[in-house]
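Here is the structure we will look at.
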Ligand SMILES: Cc1cc2nc3c(=O)[nH]c(=O)nc-3n(C[C@H](O)[C@H](O)[C@H](O)COP(=O)(O)O)c2cc1C
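Residue numbers (my numbering): 382 to 717.
Put into structure tokens, the structure is as follows:
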């Protein structure tokens with residue numbers, strides 16, 4: 382059974398990519414991911430905000446020390462902040478233990494940093510870069526299109542500065558993600574990761590404070606990216622990568638049927654262990670065997686919008702249909 386797939390011009394042995402997360406920081410985990418049959422790994426993001434915070438903490442700690450011994454200031458050679466150096470060093474190590482492709486991921490704040498980090502990352506020798514693009518709207522007056530135009534500009538500048546492939550991991554919260562994806566493809570993006578998942582704060586009622594729980598995806602969450610994969614299939618030259626709530630090989634089969642080229646998994650690895658990658662590949666193979674498929678191309682996009690006859694399947698009109706046939710739901714969930 383052939384699980385090979387093309388992802389932004391790179392051949393992967395399996396469509397299952399480990400998504401950006403903290404598990405990748407450990408070299409042992411990386412080896413396990415490769416042994417379990419991952420097609421590729423995305424390294425955790427280089428967050429510029431985090432570098433600024435770390436620098437601030439270091440500066441504050443040093444300033445405190447300086448106050449205790451004011452003369453120390455003059456003896457102390459100028460402190461050079463680590464910047465992305467530490468991240469780049471980890472990335473290099475990660476690359477050295479893997480034979481499968483390794484992609485880096487960046488989230489920067491300033492335009493110059495995006496481009497500068499992308500260039501530095503390319504020098505490490507990774508196989509591609511994922512741009513972790515998001516704006517979390519929190520001001521009433523900031524314009525919707527300004528943020529988008531800025532993101533398109535970043536993609537263009539990065540593409541002009543580096544030669545390895547560039548993927549964009551984007552938010553589902555645009556008024557029309559399909560048009561945004563088209564514009565981003567025109568700007569040079571070679572793959573789209575559907576979608577970024579944001580951590581939402583919760584409230585601790587007892588303490589009456591905001592809390593920040595680690596919430597992993599739930600099973601069935603894959604449907605959002607599956608729907609968009611189905612809408613995008615054959616409308617793009619760029620690769621489509623499903624992400625969010627993909628737990629089993631059967632979920633992967635659904636994403637491929639909708640039209641995805643690859644998928645990313647994270648929560649399932651936290652919940653079920655890294656060995657889950659092996660199980661996912663085997664489940665995908667068993668689905669293929671049961672249907673007589675020998676390669677992913679045999680069924681990719683079979684259930685995409687352009688390949689099915691039902692014009693309503695990818696529209697909300699389907700929801701009306703569900704409401705009209707509400708007897709089924711009452712049978713399943715009888716109201717007591
Ligand atoms: C602990 C943890 C760390 C993560 N770190 C990153 C990151 O550095 N960059 C990024 O783009 N996404 C990050 N993510 C998001 C995942 O890459 C992924 O998009 C999200 O978890 C949805 O996929 P899943 O349903 O398979 O978990 C992280 C997720 C988790 C749970």
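We treat Cβ as the ideally placed atom computed from N, Cα and C, and that holds for glycine.
Values in this document were obtained by computation on a predicted structure and should not be read as measured data.
Answer yes or no: the CB of residue 597 versus the heavy atoms of ligand 1, is any distance below 7 Å?
Yes.
Going by the DSSP bridge assignment, what does residue 486 pair with across the sheet?
Note: residue 486 sits in a beta bridge opposite 426, 511.
Scan the stretch 554 to 623 and note each continuous alpha helix (DSSP H) run of 4 residues or more that stays entirely inside, going in chain order.
Taking 4 residues as the shortest admissible run, the stretch 554 to 623 contains the following complete alpha helix (DSSP H) segments, listed from N- to C-terminal end: 558 to 567, 603 to 613.
Would residue 549 and residue 514 be called neighbours here (beta carbons separated by less than 8 Å)?
Residue 514 sits close to residue 549, with the two beta carbons spaced by under 8 Å.
Give me the Cα-Cα distance between residue 695 and residue 543, rounded to the nearest whole angstrom.
Distance between the alpha carbons of residue 695 and residue 543: 37 Å.
Can you round the beta-carbon distance between residue 490 and residue 650 to whole angstroms, since I take them to be within the 8 Å contact cut?
Contact flag wrong, Cβ pair sits at about 29 Å.
Can you tell me the Cα-Cα spacing of residue 590 and residue 581, whole angstroms?
C-alpha separation (whole angstroms): 14 Å.
Tell me which same chain residues have a C-beta within less than 8 Å of the C-beta of residue 474, skipping the five on either side of it?
For residue 474, where only same-chain residues beyond five positions count, the Cβ hits under 8 Å are 408.
So, does the stretch 465 to 472 touch the stretch 517 to 528, judging by three or more C-beta pairs under 8 Å?
Proximity of the stretch 465 to 472 to the stretch 517 to 528 falls short of the contact definition, fewer than three beta-carbon pairs being nearer than 8 Å.
Please tell me whether, using a cut-off of 7 Å, the distance from the CB of residue 619 to the nearest non-hydrogen atom of ligand 1 is below it.
For ligand 1, not one heavy atom lies less than 7 Å from the Cβ of residue 619.
Please confirm whether residue 421 and residue 393 have their CB atoms less than 8 Å apart.
In this structure, residue 421 places its C-beta atom within 8 Å of the C-beta atom of residue 393.
Mapping the DSSP letters down to three states, classify residue 629 as helix, strand or coil.
Per DSSP, reduced to three states, the secondary structure at residue 629 is coil, with no helix or strand assignment.
Along the chain, where does the beta strand (DSSP E) that runs through residue 550 open and close?
Looking at the DSSP string, the run of the beta strand (DSSP E) that includes residue 550 is 547 to 551.
Assigned secondary structure, residue 665 (DSSP; H/G/I helix, E/B strand, else coil)
Note: residue 665 maps to helix in three-state DSSP.
Helix, strand or coil for residue 709? Go by DSSP, reduced to three states.
Residue 709: helix per DSSP, three-state reduction.
Output yes or no for whether 8 Å exceeds the beta carbon distance between residue 685 and residue 614.
Contact flag set, yes.
Limits of the beta strand (DSSP E) - the one that residue 332 falls within:
Past the boundaries of the shown model lies residue 332; the chain is included only from 382 to 717, so the question cannot be answered.
Can you look up residue 689 in the DSSP assignment and give me helix, strand or coil?
In the structure shown, residue 689 sits in coil (DSSP, three-state: anything other than H, G, I, E or B).
Check whether the Cβ of residue 577 sits closer than 7 Å to any heavy atom of ligand 1, and report yes or no.
Residue 577: yes, Cβ under 7 Å from ligand 1.
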